[in-house]
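Going by my numbering, the sequence shown opens with residue 17, and the numbers climb by one from there.
Think of the CB as a built atom: it goes at the ideal place given N, C-alpha and C, for glycine as much as any other residue.
The structure displayed is predicted, hence computed values, not measured ones.
This report concerns only the one structure given below.
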Amino acid sequence: MTLDLRQAHHRAFTSDRPSIQRLVHVPTTVAMTVEGRPERSFTMRLDRRPCEVVDLEPSEIEVFVTPEQADEAATGALSLVGAILAGDVRHTGPVRRYLEVEPIIRGALAEDAGFHGDGEHARGEGAIGAAVTSDLLAIETRGLHKAFGSNPVLRGLDLGIPEGTITVVLGPSGTGKSVLLQHVIGVMQADAGDVLIRGRSLNDMSRSEVLGLRRGIGVMFQDGALFSAMDVYDNVAFPLRQHTDLNEREIREVVEDRLDSVGMLYAISRMPGELSGGMRKRAGLARALVLNPSIILCDEPDSGLDPVRTALLGDVLVEQHAAYGGTMVVVTHNIALAKRIADYMAVLWRGKLLAAGMTEELLTSDEPFIQQFLSGDSQGPLGMDA
Ligand SMILES: Nc1ncnc2c1ncn2[C@@H]1O[C@H](COP(=O)(O)OP(=O)(O)OP(=O)(O)O)[C@@H](O)[C@H]1O
Ligand SMILES: [Mg+2]
Numbered sequence: 017m018t019l020d021l022r023q024a025h026h027r028a029f030t031s032d033r034p035s036i037q038r039l040v041h042v043p044t045t046v047a048m049t050v051e052g053r054p055e056r057s058f059t060m061r062l063d064r065r066p067c068e069v070v071d072l073e074p075s076e077i078e079v080f081v082t083p084e085q086a087d088e089a090a091t092g093a094l095s096l097v098g099a100i101l102a103g104d105v106r107h108t109g110p111v112r113r114y115l116e117v118e119p120i121i122r123g124a125l126a127e128d129a130g131f132h133g134d135g136e137h138a139r140g141e142g143a144i145g146a147a148v149t150s151d152l153l154a155i156e157t158r159g160l161h162k163a164f165g166s167n168p169v170l171r172g173l174d175l176g177i178p179e180g181t182i183t184v185v186l187g188p189s190g191t192g193k194s195v196l197l198q199h200v201i202g203v204m205q206a207d208a209g210d211v212l213i214r215g216r217s218l219n220d221m222s223r224s225e226v227l228g229l230r231r232g233i234g235v236m237f238q239d240g241a242l243f244s245a246m247d248v249y250d251n252v253a254f255p256l257r258q259h260t261d262l263n264e265r266e267i268r269e270v271v272e273d274r275l276d277s278v279g280m281l282y283a284i285s286r287m288p289g290e291l292s293g294g295m296r297k298r299a300g301l302a303r304a305l306v307l308n309p310s311i312i313l314c315d316e317p318d319s320g321l322d323p324v325r326t327a328l329l330g331d332v333l334v335e336q337h338a339a340y341g342g343t344m345v346v347v348t349h350n351i352a353l354a355k356r357i358a359d360y361m362a363v364l365w366r367g368k369l370l371a372a373g374m375t376e377e378l379l380t381s382d383e384p385f386i387q388q389f390l391s392g393d394s395q396g397p398l399g400m401d402a
């Protein structure tokens with residue numbers, strides 16, 4: 017079966033689905049060249065509405081795929097973001113831009129090709145590890161150290177979160193995962209080392225720049241962190257009232273849309289005390305996403321949920337990422353959730369990076385310490401007091 021990538025894109029971009037319309041916020045052109053098949057190659061102009069698909073012409077970003085990769089991309093079997101990061105797909109230009117919008121393109125393609133993931137989503141193949149260069153990272157920590165009194169928590173953490181992916185940061189309780197997130201949003205200061213967001217050092221930013229940066233990062237807190245005196249509607253509307261000039265009608269439109277996308281529209285007038293744990297998390301997610309952040313941090317979205325609700329929430333995260341793109345960082349010690357949603361995984365251990373790579377790569381690693389960690393085995397090279 018040969019799927020026409022060009023037609024799939026064209027259909028996707030002339031539809032009026034809101035997730036696809038969001039691409040117009042990216043003023044760039046992307047050329048997809050199917051090697052040896054000029055009739056399937058095309059250029060996407062993402063700066064207009066509806067996004068345009070035209071004949072191949074000079075573009076800011078160029079991505080070169082084989083006919084097989086094009087088919088796999090159109091059915092959702094191949095994640096272009098993974099393939100680019102793994103070096104399997106050639107590219108030129110500021111590919112970070114592409115990685116930001118790729119999940120949206122992927123979602124559109126998969127939908128148009130009649131592919132409906134059942135919670136599983138496409139993953140790239142191959143090792144990337146050290147291959148991910150800094151300019152493909154949305155978030156990077158370099159030699160991050162943080163101690164509380166005599167308790168060293170981060171001990172020289174070097175971590176890179178690739179742009180455009182769902183990255184799951186795994187680590188046992190108390191390793192410093194939440195502390196790491198606090199550093200990323202600039203509410204905690206490192207003792208030594210640095211955090212870079214899209215190549216910019218937090219150390220070099222003024223306070224107002226850090227505040228501006230924080231506005232572009234959506235955070236889903238462990239317990240949803242809803243304001244208990246406000247109903248769901250007002251909770252989700254809160255960031256819009258704080259940071260935008262939207263009028264009440266526009267706010268309602270955005271809030272209803274977001275709540276609908278996480279399956280919570282029916283609970284819009286409930287108070288947080290009237291919600292279950294899973295519902296509270298969904299409302300927290302809707303609030304984290306309401307300003308369309310390009311970076312989303314979720315701290316233990318699964319804590320307190322049973323396995324079925326954890327799996328359902330995982331599917332919501334994958335759906336949100338497919339629809340809106342961006343870089344999603346999910347912190348958890350739930351390996352089942354990680355396997356379900358991660359494009360990329362990073363394992364923290366005692367304040368350092370133990371391992372990182374594309375999900376497939378880590379899951380098939382024969383390193384004893386990775387195997388021990390991922391299988392939750394008490395026997396092996398990792399000890400309580402290493
Ligand atoms: N503000 C703080 N003051 C003092 N110690 C702190 C502070 N925040 C975190 N810690 C300590 O840092 C360590 C790491 O905490 P952190 O919350 O980051 O762990 P975690 O990896 O998120 O664990 P969990 O999976 O249980 O959430 C813990 O020993 C904790 O007591
Ligand atoms: Mg934590």
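The C-beta separation of T59 from T44 comes to about 11 Å, leaving the pair out of contact by the 8 Å criterion. Only residues of its own chain outside the window of five on either side were considered, and among them I36, L39, M60, P66, C67, E68, V69, A124 have a CB closer than 8 Å to the CB of F29, listed in chain order. Within the stretch 325 to 367, the complete beta strand (DSSP E) runs of at least 3 residues fall at 343 to 348, 360 to 365. Counting along the chain, the unbroken beta strand (DSSP E) around R158 starts and ends at 153 to 164. Check the Cα spacing between Q238 and each of R268, A299, A245, A154: the tightest is with A299. By the neighbour-count criterion, in which 16 or more other beta carbons inside 10 Å mark a residue as buried, P288 falls on the buried side. For E55, no beta strand (DSSP E) run applies, since DSSP gives it neither H nor E. The three-state secondary structure of D382, taken from DSSP, is coil. Put simply, the backbone Cα of G192 is about 6 Å away from that of V169.
Residue environment analysis places S75 among the buried positions, since at least 16 neighbouring C-beta atoms fall within 10 angstroms of its C-beta.
If you compare the alpha carbons of Y249, E84, R53, T82 with that of D71, the shortest gap goes to R53. Relative to the Cα of D315, the nearest Cα in the group N350, Q387, D322 belongs to N350. Sequence-distant Cβ neighbours of L153 in its own chain, meaning closer than 7 Å and more than five residues away, are G176, I177, P178, E179.
Annotation: N308 is outside any alpha helix (DSSP H) and is labelled neither H nor E by DSSP.
Cβ-Cβ distances below 7 Å link T181 to V97, T343, D359, Y360 in the same chain, with the five nearest sequence neighbours on each side left out; the list follows chain order. Annotated three-state conformation of I100 is helix, per DSSP. Distances taken from the Cβ of K193 to the heavy atoms of ligand 2 include one shorter than 8 Å. Residue range 182 to 186 is occupied by the beta strand (DSSP E) that includes L186. If you keep only unbroken beta strand (DSSP E) runs of at least 3 residues inside the stretch 223 to 259, you get 233 to 236. Of the residues F385, Q395, P255, H25, the one whose Cα lies closest to the Cα of L62 is H25.
V347 sits away from L333, with the two beta carbons spaced by 9 Å or more.
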